[in-house]
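One structure is given here, and the rest of the page talks about it.
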Amino acid sequence: MLFDKSHIGGIDVKCRLVRSATFEGMGDHGLPTENLASMYETLADGGVGLIITGMMATNKMEPYQHCQIRIDDDGCIAPLAKVVDRVHQHGGKIVAQLVVMGSALLLPEIPEGEQRFIFSPSGVTEKVGKWTQESQALTQDQIHELTAAAARAAARAKAAGFDGVQFHGAHGYLASKFLSPHFNTRTDEYGGSLENRARFLLECIAAMRQAVGADYPIWVKLNCADFMKDGSLTFDESKQVMAWLADAGVQAIEVSGGNTSSLPRKGPIRAIRRTKEPMYFKAYAAEAAALLKGKVDIGVVGGFRSAGDIEDTLQTTDIAFVSMSRPYLRQPDLPNLWKNGSTEPALCISCSRCFGAENVDCIFNKREKEEREKQDA
Ligand SMILES: Cc1cc2nc3c(=O)[nH]c(=O)nc-3n(C[C@H](O)[C@H](O)[C@H](O)COP(=O)(O)O)c2cc1C
Ligand code: SF4
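So for the sequence shown, the working numbering puts the first residue at 1; every next one is plus one.
See the structure below:
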């Protein structure tokens, strides 16, 4: 089943293994570098069914990191099309992850001469360890501009030849902040009831759908819950949002969870060796997949490390695909290794020391490269 040709979320794939969005830090002032194209080619050669890009900036209202890929103006289409083409030439499929970052931004940069600002639904100060992030509450006009910008970004992704788009609705980025009663204390139609808190996400999806047409794959990454101390998105609420997304014509939902304000060890990127809890969102995704069977494909990400566990997940639940992020940094050819009979789990130790860097790479691969370079010198 794992290695059968399949149709997931409106896309034909060679297997049900997906590379979950992974911020590569391989942009040069927002445009893709050779490193990025070559990373995707390696992944496609390694046998993964579909690659979801690292999150791409969709608007010019907020700062971004220059090493982040942008899809915020039409000049980005041609360079991105070249990257997509190379993935297709290597037999791969690729979906563009689109994000409105809001106050979850890391190391923001503002291009010279531009006015950009950090925003959130209500301007609630965010605490991440010792670090605090202030932000400005969005006006309704600004919300509408962000929605329109997301739709234009989706149209550009389609023009560049991407096989689909995935809207980032998880991990504390803006759509996820709107869903959270902790971060969203608005009293207008974007805050309060779940219906109101989901309005920004659903309006983005509706605008994107209008921009790309009825059949183009639109996926969403969504938290099953925020796992915060209080006032965060619950699983029951998340299941309702998933049902609304299915009604809105979203073809696939990738279930994740948590954010930088979650309880200790309850974030999206967990140290599973320490927590001893692999596949940490599987039960949530399985329940959602059973509930929404036939309406939307449900995938899952978070701590999957062995072909046996993944095959079992696909066989015994209604989950349509399994994503991984960190294991592909260490072993981009993991799908082919498993397909060719290896029963070894991924070598990734889930230490997350690859996170947050420009030119993302597994620290073990970096060390090996450095050793080789020393020997060659
Ligand atoms: C280096 C790194 C960058 C990431 N960048 C993104 C991103 O751009 N968008 C996103 O939705 N998730 C991102 N994630 C989260 C992963 O997609 C995934 O949800 C998480 O790592 C859990 O999966 P894993 O246990 O297979 O690594 C990133 C994770 C890592 C380690
Ligand atoms: S740095 Fe750690 S978490 Fe990242 S890929 Fe390497 S082993 Fe996995």
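Ideal placement from N, C-alpha and C gives every residue a C-beta, glycine not left out.
Treat the numbers as computed from the prediction; the structure is a model and nothing was measured.
- In this structure, Arg273 has its CB at a distance of at least 8 angstroms from all heavy atoms of ligand 1.
- For ligand 2, a non-hydrogen atom lies closer than 8 angstroms to the CB of Asn365.
- One thing to note: Cys15 has its Cβ within 9 angstroms of the Cβ of Gly49.
- Separation of Trp131 and Thr125 (C-alpha to C-alpha, rounded to the nearest whole angstrom) is 10 angstroms.
- If you compare the alpha carbons of Gly123, Val128 and Asp141 with that of Glu134, the shortest gap goes to Gly123.
- Note on Val360: 16 or more other CB atoms within 10 angstroms of its CB, so buried under the neighbour-count rule.
- When the beta-carbon positions are compared, Trp244 and Val165 stay at least 9 angstroms from each other.
- A Cβ-Cβ distance of about 5 angstroms is found for the pair Pro345 and Arg305, placing them in contact under the 8 angstroms criterion.
- Not one heavy atom of ligand 2 sits closer than 8 angstroms to the Cβ of Arg265.
- Leaving aside the five residues that flank Thr42 on each side, the residues in its chain whose CB is nearer than 6 angstroms to its CB run, in chain order, Pro332.
- For Met55, the Cβ falls inside the 8 angstroms cut-off from some heavy atom of ligand 1.
- A direct Cα-to-Cα measurement between Gly308 and Tyr64 gives close to 39 angstroms.
- Around the C-beta of His29, fewer than 16 other C-beta atoms lie within 10 Å, and the residue is accordingly described as exposed.
- Under the 10 Å beta carbon count, Glu189 is surrounded by fewer than 16 other beta carbons and is classified as exposed.
- Here the C-alpha atom of Ser325 lies approximately 14 angstroms from the C-alpha atom of Gln97.
- Distances from the CB of Met324 to the heavy atoms of ligand 1 include at least one below 8 angstroms.
- Residue side-chain check: Leu337 keeps its Cβ at 8 angstroms or more from all non-hydrogen atoms of ligand 2.
- The residues Ala211 and Val212, in chain order, have a CB closer than 7 angstroms to that of Ala155 in the same chain once the five nearest residues on each side in sequence are set aside.
- In this structure, the C-beta of Phe321 stays at least 8 angstroms away from each heavy atom of ligand 1.
- Per the DSSP secondary-structure output, Pro108 pairs with nothing in a beta bridge.
- Gly47 has its alpha-carbon roughly 28 angstroms from the corresponding atom of Lys276.
- For the options Leu2, Gly113, Arg152 and Gly231, the alpha carbon positioned closest to that of Asn184 is the one of Gly231.
- Distances taken from the Cβ of Val301 to the heavy atoms of ligand 1 include one shorter than 8 angstroms.
- Just so you know, the alpha carbons of His7 and Met208 end up roughly 22 angstroms apart.
- Excluding residues up to 5 positions away in sequence, Val255, Ile298, Val300 and Ile319 lie with their Cβ nearer than 6 angstroms to the Cβ of Ala285 in the same chain.
- In the same chain as Lys5, and ignoring 5 residues on each side of it, the C-beta atoms closer than 8 angstroms to its own belong to Asp12, Val13, Lys14 and Cys15, in chain order.
- Counting only unbroken stretches of 3 or more residues, the beta strand (DSSP E) elements lying wholly within the segment 13 to 61 are 17 to 19 and 50 to 52, in sequence order.
- In this structure, the straight-line span from the alpha carbon of Val296 to that of Cys354 is close to 32 angstroms.
- Looking only at Lys127, Glu34 and Gly25, the smallest Cα-Cα distance to Leu263 is reached by Lys127.
- Phe200 sits buried, since 16 or more C-beta atoms from the chains shown fall within 10 Å of its C-beta.
- In this structure, Arg116 sits away from Lys82, with a CB-CB distance that is not shorter than 9 angstroms.
- For Tyr64, the secondary structure class from DSSP, reduced to helix, strand or coil, is strand.
- Take Val84, set aside five residues on each side of it, and the residues of its chain with a beta-carbon closer than 7 angstroms to its own are Ile94, Ala160, Gly161 and Phe162, in chain order.
- Of the candidates Ala377, Ala57 and His88, His88 places its Cα closest to the Cα of Ser38.
- Scanning Ile110, Thr313 and Ala271 for the CA closest to the CA of Ala289 turns up Thr313.
- For Ala252, the enclosing beta strand (DSSP E) starts and ends at Ala252 to Ser256.
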